[in-house]
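Everything below concerns the one structure shown next.
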Amino acid sequence: MSMFKTVRGMRDLLPKDAEKMRHAQQVARDLAVLYGYEEILTPVVESYELLAAKSGEEIRQRMYIFTDLGGRKVALRPEFTASVARLVATQLRNAPKPLKLFSVGSLYRYDEPQYGRSREFWQANYELMGSDKPEADAEILSITSHLLKELGLHNYCFKIGHVGILRGILNQEGIIEEQQNHIMQMLDKKRCEEALSTIKQFGASQQCVAVLKRIFETQGKAAFNILKKTEKTVQAYESGVVAVENLRQILMLATTSDKFETLIEPGFARGLEYYTGMIFEAYVPKLNSALCGGGRYDKLIELYGGEPTPAVGVAQGLDRIILAMEKQKTKLKIRKEKRTIVIPVSAEMKTNALKIASVLREAMIPTEIDIVGRSVSKALSDADRRKVSYAIIVGPEELKEGKIVLRNLTTREQQIIGIKNLVKDLKALD
Ligand code: AMP
C-alpha cells in the first residue's frame with residue numbers, strides 16, 4: 001500500500017465523477033455560446049495584490065499564497081472575477097462593450113473541508129461588462145436559471161438582495177466603506193445582532209438602527225410585495241429607495257422570460273467586497289450550501305486602473321450543482337459512444353488486428369485492442385465487464401476470406417462479416 005494520498009481538501013475525480021464534471025462543463029459552455037459569451041482561459045496563479053484587492057476579509061484569509069522563485073508574492077485564484085476584471089482593465093481595455101466573457105476551471109480556497117466544500121473546486125463563470133442596465137442583471141439571472149434547468153434540476157430558488165440598500169443607508173449615516181465592509185462580513189455570516197451593535201458603535205442614528213432591524217427581519221417569496229414593504233422601510237434613505245427600484249426592474253425583466261422561485265432578502269450580504277448592486281445565490285431544497293453566487297460590481301475595473309465599467313456576473317459552483325443533481329436523482333443526458341474492442345485469436349493475428357483497429361479509429365469509432373495477450377474468452381469477459389458494446393475477433397479462418405467475427409457483447413450474438421464493410425456495418429448498428 002502506498003503512503004501517498006491526496007492533500008487534505010483535494011479530491012480525485014475518478015472516471016464516473018469526471019464524466020459528470022465534464023458534462024456540466026459542456027452544458028455551461030454550450031449556454032455561453034447560446035447567450036453570446038466568449039470563452040477565455042486565465043492563469044490559475046495571479047498576483048496576490050490583484051486577488052486581495054477587493055475579495056473580502058474571508059477569502060483573503062483563505063487564499064493559497066506563496067512566493068515564487070523570482071520572489072513574487074502570488075496566490076492560487078480563489079475566484080474568476082478578479083482575473084476577468086484585470087483583463088478588461090488591461091488587454092481588453094479598448095474592446096467594444098458590452099463584453100461578455102465565459103470561463104470554466106478550478107479555484108482554490110483553504111476552506112474547512114466538509115460535504116459540498118473542498119479546497120479545490122470548479123466553477124463556470126459568466127461576466128457581462130459594460131452595461132449598468134437592469135437587462136444585464138436579468139440576463140445573468142436567466143443564464144443561471146437556464147443552466148440549472150438544463151442540467152435537470154428542479155425546485156431551485158434564487159435568494160436575491162441588493163447591496164445598494166444597506167450601503168445606501170450606511171453611506172447616508174456617514175459610515176465609511178471600511179466599516180461597511182466589516183458589517184457586511186458579519187451579515188454574510190448572519191450575525192445580525194452583532195452587526196447592529198457594531199453599527200451603533202460606528203455612530204449610526206437610532207432611526208438607522210430601527211430601519212436596519214426591520215430590514216433584517218424582512219424576507220419572503222412574494223418578490224414584489226417584499227420590495228414594496230422594503231421601499232417603505234427605507235424611505236428616509238434616498239439611495240436605498242433607488243436600489244429597491246432597481247431590484248424591482250431587474251426582477252420584472254428576469255421573470256418575464258423565465259419563471260423561477262425567488263426569496264427576496266433585502267438584508268442579504270455576500271462575502272465578496274466588490275459588489276455594488278443586485279446580489280444573489282441559488283439553492284435547492286435539502287442542500288444547505290449555495291450552488292451559485294453572483295451580482296453587480298460597478299467599481300472593480302476602475303479599481304484595477306481600467307475605464308469605469310459597470311459589470312455583473314455569476315459563478316456557478318459545478319461541484320455543488322453535481323451534488324444537487326445526485327440528490328434529485330437527475331438523469332445525465334450523456335450520449336453513450338459505441339465502443340469496440342479488437343481481439344486477435346493468436347499472436348500471428350496481432351498485426352491484422354492492429355490494422356483493423358486503425359481503420360475503425362480513422363472512422364472515429366472508439367476502439368480498443370487487446371494488449372495483454374489474453375485468450376479470446378478472457379478478453380471477451382473483461383470487455384463485457386467494462387461495458388464495451390462490440391468485439392471484433394480476428395482469426396485466420398475468417399481472415400482468409402477477408403472477414404472477421406463481430407460479436408454483440410450485450411446480446412452475445414455474433415456474425416461473420418466482411419472487413420470492407422465493417423465501418424459501415426458498425427455505424428448502422430445501435
Ligand atoms: P463565491 O465565489 O463565493 O460566490 O462562490 C460561488 C460558488 O462557488 C458557490 O455558490 C459554491 O457553489 C462554489 N464554492 C465556493 N467555495 C467552494 C468550496 N470551498 N467548495 C466547493 N464549492 C465552492
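In our numbering, the protein residues as written are 1 to 430. Quick reminder that beta carbons are idealized off the backbone N, C-alpha and C, glycines included.
Here the C-alpha atom of Ile-416 lies approximately 16 Å from the C-alpha atom of Ser-389. Placement of the Cβ of Phe-121 at a distance of less than 7 Å from at least one heavy atom of ligand 1 is found.
Exclusion of Ser-103 from the 7 Å shell around ligand 1 follows from its C-beta lying no nearer than that to any non-hydrogen atom of the ligand. Distances between the C-beta of Cys-157 and the heavy atoms of ligand 1 are all 7 Å or more. Looking only at Arg-335, Val-342, Lys-97, Met-10, the smallest Cα-Cα distance to Asp-382 is reached by Val-342.
DSSP, reduced to helix, strand and coil, places Ala-363 outside both helices and strands of the structure shown, so it counts as coil. Under the DSSP assignment, Ile-393 falls outside any alpha helix (DSSP H), being part of the beta strand (DSSP E) whose first and last residues are 390 to 394. Excluding sequence positions up to five before and after Gly-313, its CB lies within less than 7 Å of the CB of Thr-81, Asn-125, Tyr-126, Glu-127, Leu-128, Ile-140, Gly-294, all in the same chain and listed in chain order.
Of the candidates Ser-118, Lys-221, Glu-245, Glu-245 places its Cα closest to the Cα of Val-163. Counting of Cβ neighbours within 10 angstroms places Tyr-283 among the buried residues, the total reaching 16 or more. Beta bridge pairing from DSSP links Ala-75 with Glu-46, Ile-65.
Exclusion of the five residues before and after Asp-298 leaves Asp-132, Thr-276, Gly-277, Pro-310, Ala-311 as the residues of its chain whose Cβ lies within less than 7 Å of its Cβ.
Three or more Cβ pairs closer than 8 Å define a contact, and the region 180 to 191 falls short of that threshold against the region 237 to 256.
Under DSSP, the beta-bridge partners assigned to Met-129 are Leu-99, Ala-311. If only complete runs of 4 or more residues are kept, the region 218 to 298 shows the alpha helix (DSSP H) at 223 to 233, 238 to 257, in order along the chain.
Nearest to Pro-285 by alpha-carbon distance, out of Asp-384, Leu-153, Ile-419, Leu-318, is Leu-153. For Val-234 against Ile-169, the beta-carbon gap comes to about 7 Å, under 8 Å, which counts as contact. For Ser-83, the closest C-alpha among the options Phe-4, Glu-49, Glu-362 is that of Glu-49. The alpha-carbon separation between Thr-410 and Phe-102 amounts to approximately 41 Å.
Remark: C-beta atoms of Lys-213 and Leu-196 approach each other more closely than 8 Å. In the structure shown, Phe-121 adopts extended strand secondary structure according to DSSP, grouped into three states.
The Cβ atoms of Glu-38 and Lys-100 sit closer than 8 Å to each other. Distance from the C-beta of Arg-117 to the nearest heavy atom of ligand 1 is below 7 Å. By DSSP's assignment, Gly-418 forms a beta bridge with Lys-403.
Spatial neighbours of Pro-96 in its own chain (CB-CB distance under 8 Å, excluding positions within 5 residues in sequence) are not present.
Your pair Thr-330 and Ile-365 does not check out as a contact, with CB atoms roughly 29 Å apart and the cut at 8 Å. Within the DSSP bridge table, the entry for Glu-39 names Phe-102 as partners.
Taking the CA atoms as reference points, Lys-400 sits about 31 Å from Arg-385. C-alpha of Glu-337 to C-alpha of Asn-225: approximately 51 Å in a straight line. When Cβ pairs closer than 8 Å are counted between the two stretches, the region 314 to 334 is seen not to touch the region 356 to 375, the count staying below three.
Glu-273 places its beta carbon less than 8 Å from that of Lys-54. Distances from the alpha-carbon of Arg-86 to those of Leu-51, Ile-65, Lys-424 put Leu-51 closest.
Checking the 7 Å criterion, the Cβ of Gly-161 is out of range of every heavy atom belonging to ligand 1.
Of all alpha-carbon atoms in Val-44, Val-359, Phe-158, the one lying nearest the alpha-carbon of Ser-289 is that of Phe-158.
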